[in-house]
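Asks: Following this message is one structure expressed as structure tokens.
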Amino acid sequence: MPRNYSFYVYILTNQTRTVLYTGITNDLDRRVWQHKRGESKFTSEYKCNILLYYEHFTDVRNAIAREKQLKKWARGWKLELIKAINPHMIDLSRDWYKDAI
């Protein structure tokens, strides 16, 4: 039986929405939690711990290609992508860790 794989490309921001960070993971919940706890050097330095956007993939090659594509995009393009699914730019993970925080 084939195994199901999950990979995520995601975009985080800081409180003032001035920085956008694009990343990839195979465990979105765990990775976002790490960012919120400051366990990533870049996101800790720039306080990027608000999840604005993510995409799910079952093939790691497609996820890597998408991450590379998004990292090349201008900020305006990324904002258009984010606002298409998250127009108010709220933290999509805001309810994920209520018991942990």
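All residue numbers for the sequence shown refer to this note's numbering, where the first residue is 4 and numbers rise by one. A virtual CB, placed ideally from N, CA and C, is assigned to each residue, including glycine.
1. Between Tyr-56 and the rest of its own chain, which residues show a CB-CB distance below 7 Å, the 5 nearest in sequence each way excluded?
2. In three-state terms, what does DSSP make of Leu-31?
3. Which first and last residues belong to the beta strand (DSSP E) in which Tyr-11 is found?
4. Using three-state DSSP, classify Leu-95 as helix, strand or coil.
5. Could you check what DSSP says for Glu-42 in three-state terms: helix, strand or coil?
6. Would you mind reading off the limits of the alpha helix (DSSP H) that contains Ala-87?
7. Which residue's Cα is closest to the Cα of Asn-17: Trp-99, Trp-76, Gly-41, Glu-58?
8. At the level of alpha carbons, what is the spacing between Leu-82 and Asp-102?
9. Rounded to the nearest angstrom, what separates Asn-52 and Asp-98 at their Cα positions?
Replies: Once the coordinates are examined:
1. In the same chain as Tyr-56, and ignoring 5 residues on each side of it, the C-beta atoms closer than 7 Å to its own belong to Tyr-13, Ile-14, Leu-84, Ile-85, Ile-88, Asn-89, in chain order.
2. In this structure, Leu-31 counts as helix in the three-state DSSP scheme.
3. Under the DSSP assignment, Tyr-11 falls in the beta strand (DSSP E) whose first and last residues are 10-16.
4. Coil.
5. Glu-42 falls in the coil class under three-state DSSP.
6. Here the alpha helix (DSSP H) through Ala-87 covers 78-88.
7. With respect to the C-alpha of Asn-17, the residue from Trp-99, Trp-76, Gly-41, Glu-58 having the closest C-alpha is Gly-41.
8. When rounded, the distance between both Cα atoms is 30 Å.
9. Between Asn-52 and Asp-98, the C-alpha separation is close to 13 Å.
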